[in-house]
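Q: Residue numbers (my numbering): 44 to 462.
Glycine is no exception: its CB is placed at the ideal position from the N, C-alpha and C atoms.
It should be emphasised that the depicted structure is a prediction, and the values quoted were computed from it without experimental measurement.
Okay, here's the structure, questions in a sec.
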């Protein structure tokens with residue numbers, strides 16, 4: 044007797060019956076730009092790219108006083124060599140050189156004589172090699188870098204303020220949230236309807252305030268307060284001490300500047316701890332999925348061998364291949380999604396580690412190569428943007444599949460209605 048239950052249908056795109064148009068790179072980029080986190084990460088990449096150029100200018104360019112002095116000296120030497128090269132490189136003018144000015148009267152060449160060495164060096168430097176042409180190219184590159192840094196300085200300040208504004212405005216919500224936490228704690232302490240003594244009530248409150256989620260909220264609030272105080276100084280609503288501000292405003296600025304670094308370090312460490320725990324859970328889940336599939340496959344193989352051995356395979360019911368397909372597809376979906384989550388956690392952990400090194404340089408006053416320090420910050424922004432890209436690509440792909448399946452199902456319904 045045939046069963047009345049209909050097999051559960053698989054997604055049409057998995058059956059190969061549905062053409063799905065995947066999102067293009069431009070559509071993914073547009074989705075990233077329209078996302079708040081994507082805007083912040085993109086602005087961070089551009090900002091740190093400009094900072095990298097600025098740091099190279101400060102270390103290896105005209106922003107370094109020693110290099111600026113050496114370039115100026117080289118230019119003076121070149122001008123002098125060019126003057127004397129007109130004499131050395133011109134055969135007719137060499138005939139008119141007064142030998143007494145270059146050679147001593149006794150006929151012995153004085154190698155320490157500047158009037159002799161300068162034309163000699165100019166002959167080798169200007170005629171036999173292109174060293175000065177290379178120095179000209181080097182100077183042009185340094186001047187172009189200085190011009191570029193000067194033009195991009197306003198953009199760098201604007202992007203810094205833009206990222207600051209993206210983070211701003213959350214203090215009222217955090218104050219409201221902590222007000223609820225305090226109210227909840229007071230209700231526990233003042234609640235005498237239960238048989239709990241004062242020590243038990245205090246222990247409950249301490250556990251509540253020392254939970255991992257609460258510590259994370261405190262660290263984020265700490266960072267937000269110091270960050271928005273610095274935003275007030277950035278808009279010159281308060282002035283630093285060296286810019287005409289009072290002693291209080293100067294002390295407030297120093298406090299906010301220091302505590303922004305400390306609170307950022309705290310949030311980074313908490314984020315790394317959360318990622319570590321997520322990674323352990325996801326690896327356990329991955330192992331369980333693989334183990335369950337292996338057990339399932341082994342059980343089917345044992346049952347099949349047993350049926351063949353007892354010669355009952357012909358009388359046994361047919362294997363539901365659609366259920367087989369469903370089982371394997373669900374297994375693959377879970378495994379693929381778990382692997383994606385693991386990769387996301389790993390990328391985010393590397394990003395946080397870059398932030399940790401970047402922040403530790405200021406806290407511990409490390410003498411780090413400046414372009415390397417800025418590059419580490421830019422790597423953090425690139426990794427964050429890559430995670431946003433992956434999330435938006437996955438979301439757009441799901442939406443494209445859902446839309447295609449809906450259209451395909453609508454076409455089937457229309458054809459059935461016509462019949």
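Leaving out five residues before and five after residue 202 in sequence, what residues of the same chain have Cβ atoms less than 7 Å from its Cβ?
A: Working through the chain shown from its first residue, we reach residue 202 at position 159. Taken in chain order, the residues that qualify are 86, 89, 90.
Q: Are the stretch 179-192 and the stretch 246-258 touching by the rule of at least three beta carbon pairs closer than 8 Å?
A: The answer is no - the stretch 246-258 does not touch the stretch 179-192, with fewer than three Cβ pairs under 8 Å.
Q: Is the stretch 69-79 touching the stretch 400-418 in the sense that three or more CB pairs, one from each, lie closer than 8 Å?
A: Because the criterion of three Cβ pairs below 8 Å is not met, the stretch 400-418 and the stretch 69-79 do not touch.
Q: Throw me the rounded Cβ distance for the residue 82 and residue 427 pair, which I believe falls under 8 Å.
A: The residue you call residue 82 lines up with position 39 of the chain shown. The residue you call residue 427 lines up with position 384 of the chain shown. No, residue 82 and residue 427 are not in contact; Cβ-Cβ is about 11 Å, not under 8 Å.
Q: Answer yes or no: do residue 105 and residue 198 have a C-beta to C-beta separation smaller than 9 Å?
A: Here residue 105 refers to the residue found at position 62 when the chain shown is read from its first residue. Here residue 198 refers to the residue found at position 155 when the chain shown is read from its first residue. For residue 105 and residue 198, no; Cβs fall outside 9 Å.
Q: Could you pull the start and end residues of the alpha helix (DSSP H) that residue 90 belongs to?
A: Your numbering for residue 90 matches position 47 in the chain shown. Residue 90 -> alpha helix (DSSP H) spans 79-103.
Q: Using only alpha-carbon positions, find the residue among 432, 291, 216 that is nearest to residue 479.
A: The structure shown does not extend to residue 479, since the chain spans only 44 to 462, so no value can be given for it.
Q: Mark residue 93 as exposed unless 16 or more other C-beta atoms lie within 10 angstroms of its C-beta, in which case mark it buried.
A: Start at 1 with the first residue of the chain shown, and residue 93 comes out as number 50. Residue environment analysis places residue 93 among the buried positions, since at least 16 neighbouring C-beta atoms fall within 10 angstroms of its C-beta.
Q: Going by beta-carbon coordinates alone, are residue 331 and residue 384 separated by less than 9 Å?
A: For the purposes of this step, residue 331 is taken as residue 288 along the chain shown, with counting starting at 1. For the purposes of this step, residue 384 is taken as residue 341 along the chain shown, with counting starting at 1. No.
Q: Check this for me: beta carbons of residue 205 and residue 231, under 9 Å apart or not?
A: Here residue 205 corresponds to residue number 162 of the chain shown, with the count starting at 1. Here residue 231 corresponds to residue number 188 of the chain shown, with the count starting at 1. Going by C-beta atoms, residue 205 is not nearer than 9 Å to residue 231.
Q: Excluding the five sequence neighbours on either side, which residues of its own chain have a C-beta within less than 7 Å of the C-beta of residue 400, listed in chain order?
A: To locate residue 400, count along the chain shown from 1; it is residue 357. Correct list, in chain order: 419.
Q: Counting along the chain, where does the alpha helix (DSSP H) carrying residue 257 start and finish?
A: Here residue 257 refers to the residue found at position 214 of the chain shown. That run of the alpha helix (DSSP H) goes 255-277.
Q: Which residues in the same chain as residue 265 place their Cβ atom closer than 6 Å to its Cβ, once the five residues preceding and following it in sequence are excluded?
A: Translated into positions along the chain shown, residue 265 becomes position 222. Result list for residue 265: 306, in chain order.
Q: Would you kindly work out how many angstroms separate the C-alpha atoms of residue 388 and residue 394, rounded to a whole number?
A: By one-based count along the chain shown, residue 388 stands at place 345. By one-based count along the chain shown, residue 394 stands at place 351. Each residue's Cα considered, the two are about 10 Å apart.
Q: Considering Cα atoms alone, identify which of 308, 284, 309 is closest to residue 297.
A: As a first step, residue 297 must be located in the chain shown, where it is residue number 254. The shortest Cα separation from residue 297 among 308, 284, 309 belongs to 284.
Q: Distance check for residue 215 and residue 236, CA to CA, integer angstroms please.
A: Taking the chain shown and counting its residues from 1, the one referred to as residue 236 is at position 193. Taking the chain shown and counting its residues from 1, the one referred to as residue 215 is at position 172. Approximately 33 Å, taken between the alpha carbons.
Q: Sort 112, 301, 184 by Cα distance to residue 402 and report the nearest one.
A: Counted from its first residue, the chain shown places residue 402 at position 359. Checking every option, the nearest Cα to that of residue 402 belongs to 301.
Q: Based on Cα-Cα distance, which residue from 377, 268, 443 lies nearest to residue 210?
A: Translated into the one-based positions of the chain shown, residue 210 becomes position 167. Minimum Cα distance to residue 210 is reached at 268.
Q: If you draw a straight line from the C-alpha of residue 96 to the C-alpha of residue 374, how long is it?
A: The sequence position of residue 96 within the chain shown is 53, counting from 1. The sequence position of residue 374 within the chain shown is 331, counting from 1. Taking the straight line joining both Cα atoms gives about 49 Å.
Q: So what does DSSP say about residue 407, is it helix, strand or coil?
A: Counting from one through the chain shown, the residue named residue 407 turns up at place 364. Residue 407: coil per DSSP, three-state reduction.
Q: Could you round the C-beta distance between residue 455 and residue 429 to whole angstroms and report it? I think they count as a contact, below 8 Å.
A: For the purposes of this step, residue 455 is identified with residue 412 of the chain shown, where counting begins at 1. For the purposes of this step, residue 429 is identified with residue 386 of the chain shown, where counting begins at 1. About 39 Å separates the two Cβ atoms, so there is no contact after all.
Q: Going by DSSP, what residue range makes up the alpha helix (DSSP H) through residue 303?
A: In the chain shown, counting from the first residue as 1, residue 303 sits at position 260. Taken as a continuous stretch (DSSP letters only), the alpha helix (DSSP H) holding residue 303 covers 290-352.
Q: Out of 113, 425, 263, point me to the one whose CA is closest to residue 178's CA.
A: Numbered from 1 along the chain shown, position 135 holds the residue referred to as residue 178. Taking only the C-alpha atoms, the option nearest residue 178 is 113.
Q: Exposed or buried, what is residue 442 when buried is set at 16 or more other beta-carbons lying within 10 Å of its beta-carbon?
A: As a position in the chain shown, residue 442 is number 399, starting the count at 1. Residue 442 comes out exposed.
Q: Pick from 340, 344, 303, 434: whose alpha carbon is nearest that of residue 271?
A: The count along the chain shown starts at 1 and reaches residue 271 at position 228. Of the candidates 340, 344, 303, 434, the one whose C-alpha sits nearest the C-alpha of residue 271 is 303.
Q: Just checking my contact of residue 313 with residue 258 at CB under 8 Å: how many whole Å lie between their CB atoms?
A: Position 270 of the chain shown, counting from 1, holds the residue named residue 313. Position 215 of the chain shown, counting from 1, holds the residue named residue 258. Between residue 258 and residue 313 the Cβ distance is about 7 Å, and since that is below 8 Å, they are a contact.
Q: Sort 319, 66, 207 by Cα distance to residue 275 and report the nearest one.
A: For the purposes of this step, residue 275 is taken as residue 232 along the chain shown, with counting starting at 1. Nearest option by C-alpha distance: 207.
Q: Using the C-alpha atoms, what's the distance from residue 342 back to residue 351?
A: The count along the chain shown starts at 1 and reaches residue 351 at position 308. The count along the chain shown starts at 1 and reaches residue 342 at position 299. If I take the Cα positions, the gap works out to 14 Å.
Q: On the three-state DSSP scale, how would you describe residue 106?
A: Walking along the chain shown from the start, residue 106 turns up at place 63. DSSP places residue 106 in coil when its eight states are reduced to three.
Q: Find the nearest neighbour of residue 323 within the set 223, 450, 381, judged by alpha-carbon distance.
A: As a working note, residue 323 is residue 280 in the chain shown. Nearest option by C-alpha distance: 381.
Q: In angstroms, rounded to a whole number, what distance separates the CA positions of residue 453 and residue 65?
A: Within the chain shown, numbered from 1, the residue matching residue 453 stands at position 410. Within the chain shown, numbered from 1, the residue matching residue 65 stands at position 22. So the alpha carbons of these two residues sit roughly 20 Å apart.
Q: Let's test the definition: count the other Cβ atoms within 10 Å of the Cβ of residue 423 and tell me whether it reaches 16, buried, or not, exposed.
A: What you label residue 423 is simply residue 380 of the chain shown in a count that begins at 1. Taking a 10 Å sphere around the C-beta of residue 423, we find 16 or more other C-beta atoms and assign the residue as buried.
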